[in-house]
Structures are given as C-alpha cells and as structure tokens.
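So the structure is just underneath, and the comments pick up after that.
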Amino acid sequence: MNKLVFFVGTAGTGKSYIARVLSQHFSWAYLDMDTVGTRFVNKMLTMSGRSADDRDSKFYKEHLRDLPYEAITDLALENLEAKQNAALIAPFTKELAIPNWIDEVLKRKGFTIRDVDIKVMIIEVENTEIAKQRIEARGFSRDEWKLEHWDEFKERISAPEIAWNIPDSSILKFDNSGLLTEEKLEMLIRFIKGEES
Numbered sequence: 001m002n003k004l005v006f007f008v009g010t011a012g013t014g015k016s017y018i019a020r021v022l023s024q025h026f027s028w029a030y031l032d033m034d035t036v037g038t039r040f041v042n043k044m045l046t047m048s049g050r051s052a053d054d055r056d057s058k059f060y061k062e063h064l065r066d067l068p069y070e071a072i073t074d075l076a077l078e079n080l081e082a083k084q085n086a087a088l089i090a091p092f093t094k095e096l097a098i099p100n101w102i103d104e105v106l107k108r109k110g111f112t113i114r115d116v117d118i119k120v121m122i123i124e125v126e127n128t129e130i131a132k133q134r135i136e137a138r139g140f141s142r143d144e145w146k147l148e149h150w151d152e153f154k155e156r157i158s159a160p161e162i163a164w165n166i167p168d169s170s171i172l173k174f175d176n177s178g179l180l181t182e183e184k185l186e187m188l189i190r191f192i193k194g195e196e197s
C-alpha cells in the first residue's frame with residue numbers, strides 16, 4: 001500500500017527540513033507547496049496589480065490560495081497511480097478541518113481511504129521565538145508581514161484541527177524546537193512505517 005505523508009504546521013516550524021531528512025530514509029515524491037506554487041501565485045498577484053508577497057488579502061484567499069494545494073495533491077495522486085509514495089509539505093489548515101476532503105481528493109483518481117496509507121505529521125515548536133528566528137533566517141520577502149505583525153501572527157499559531165476519518169495512530173504531533181536527535185528521527189521513521197513506538 002502506497003503512502004501519502006502530510007507534513008503540516010505553521011511557518012517556521014521546520015516542515016520542509018523534517019521532510020527532507022526523512023527523504024533519506026523513504027522513497028517518495030517530495031512535494032513542497034512553496035516550490036510548486038510560489039512562482040505562479042507571485043506572478044498572478046503582480047499581474048493583478050498587487051504585491052507578490054500578499055498572502056492576507058481577500059483577493060488572494062478567494063482566487064489564489066487553493067491553487068497550489070490543488071497542484072500538489074494532483075501531483076501526489078499521479079504518483080499514487082504510478083505506485084509511488086508522496087510527501088506533501090504545506091500548512092493544509094483549511095483542508096485538515098474538512099471531514100471528507102481527503103476522500104474527495106482520492107476519489108478524483110478512483111482511490112479510497114482504504115487504498116492508501118495516510119499519515120499526518122504535525123510539526124510544531126513550543127517556543128514561538130524559535131519559529132520567529134527561523135523565519136528571519138530564511139529571509140523570504142513574503143514573510144515580512146508575519147515579522148512586522150509578530151504578536152498578531154503568533155496568536156494564529158496552533159495545532160491544526162484534523163477532521164479526516166483516519167485513525168489516531170496515523171497522526172503524530174512532533175515538537176521540532178530542539179535538535180533532531182537519532183532517537184527522535186527513529187521515532188519519526190517508525191511512525192511513517194506504521195510500527196509501534
């Protein structure tokens with residue numbers, strides 16, 4: 001059974017880092033929403049006379065927000081058809097809260113939730129200052145609003161609600177505040193494999 005592994009969490013938690021490290025241990029398509037969608041979203045924003053870094057306007061949320069999510073899920077489905085695992089890296093905040101979202105996505109290619117091993121890894125940092133330091137260090141212009149309005153932004157940082165019909169054993173909250181030790185890495189590997197801790 002092929003796997004879809006979702007790495008979710010807010011900015012600065014280290015979703016991409018954890019997924020990249022685990023890519024050394026698993027064969028999967030590595031699908032980061034920022035890589036897949038940012039160029040296109042930025043272009044569409046500037047073509048509409050807006051800042052390329054605008055991720056908070058009504059226009060972005062109504063017309064552009066969902067497109068990169070649709071793109072990486074379509075890519076993941078094509079990999080499932082090719083009998084390949086896929087890792088999807090994005091916040092997925094809205095999608096995780098919709099009970100039948102994953103069922104509807106899988107149905108587009110004739111799959112059901114019984115055909116795919118779904119894992120959701122929620123990457124968190126207990127100390128929001130660590131997230132802020134990581135966001136500052138990566139230097140993305142689209143993060144300027146977050147840093148300039150940090151008190152407001154950090155109030156939004158919370159574990160996503162997961163309403164999908166998947167077992168609790170398929171969901172893992174991981175605090176990525178400190179170093180990724182061999183012990184922690186082994187625990188993440190066991191989770192993805194579906195082995196008992």
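Under UniProt numbering, the very last position in the sequence shown is 197; numbers go up by exactly one each time. From the three backbone atoms N, C-alpha and C, an ideal C-beta is built for every residue, glycine too.
Excluding its 5 nearest sequence neighbours in each direction, Ser27 has C-beta neighbours in its own chain below 7 Å: Asn85, listed in chain order. A straight-line Cα-Cα distance of about 11 Å links Asn2 and Phe111. Nearest Cα to Met44 within the set Phe59, Leu22, Gly12: Phe59. DSSP links Glu124 through a beta bridge to Asp175.
Taken atom to atom, the span from the alpha-carbon of Thr35 to that of Val125 is near 23 Å. Around the beta carbon of Met121, 16 or more other beta carbons lie within 10 angstroms, which makes this residue buried.
Contact between the region 15 to 25 and the region 177 to 197 is present: three or more C-beta pairs spanning the two stretches fall below 8 Å. Between Ala163 and Pro91, the C-beta spacing is not below 8 Å.
Inclusion of Ile18 and Asn176 in the CB contact set at 8 Å is warranted, their separation being smaller than that value.
Secondary structure of Ile192 (DSSP, three-state): helix.
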